[in-house]
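Encoded as structure tokens, the structure appears first; notes follow it.
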Amino acid sequence: MVDEEKKVLHIYPHRDSKLTSISKTTKNVLVMGAGVSGVPKDLVKEATIMVANYIVKFANGKWNGEIREA
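Below you can see the structure in the form of structure tokens.
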């Protein structure tokens, strides 16, 4: 995934970078779930929702409930 400034935000299956890390000043977060062969799609979706709920519960986040599937 590349942003409008052509910065790489996500390369599956690589991990986070300093550029895309979350800090105390972060305003918006994009949670992405990426499955691998043999992992049910529903399980990936459930884990992604769990992450969003944890952000709401433990980091005072807000989530509009939107989920997009590729």
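In numbering that gives the first Met the number 0, the protein residues as written are 0 to 69.
Don't be surprised by glycine CBs; every beta carbon is placed ideally from N, CA and C.
Nothing here was measured: the structure is a model prediction, and the numbers come from that model.
Do you know how far the Cα of L29 is from the Cα of M0?
Locating residue 0 in the sequence shown gives position 1, counting from the first residue. Locating residue 29 in the sequence shown gives position 30, counting from the first residue. If you take the alpha carbons of M0 and L29, they lie about 11 Å apart.
Using alpha carbons as the reference points, say which of E4, G37, K17, K44 lies closest to E65.
Working through the sequence shown from its first residue, we reach residue 65 at position 66. That would be K44, whose Cα lies nearest to the Cα of E65.
What does the alpha-carbon distance come out to for the pair V55 and W62?
For this step, residue 55 is matched to residue 56 along the sequence shown. For this step, residue 62 is matched to residue 63 along the sequence shown. Near 7 Å, if we compare the C-alpha coordinates of W62 and V55.
Within its chain, find whatever has a CB closer than 8 Å to the CB of K17; leave out the 5 residues flanking it on each side and keep chain order.
As a working mapping, residue 17 is identified with position 18 in the sequence shown. Hits under 8 Å: none found.
Kindly indicate which three-state DSSP category V1 falls into: helix, strand or coil?
Locating residue 1 in the sequence shown gives position 2, counting from the first residue. In the structure shown, V1 sits in a strand (DSSP, three-state: E or B).
If we define contact as Cβ-Cβ less than 8 Å, is I66 a contact residue for chain D?
Absent here is chain D; the protein component of the structure consists of one chain.
Assuming K40 contacts G34 (C-beta within less than 8 Å), just tell me the rounded distance between them.
As a working mapping, residue 40 is identified with position 41 in the sequence shown. As a working mapping, residue 34 is identified with position 35 in the sequence shown. With a Cβ gap of about 6 Å, K40 and G34 count as contacting.
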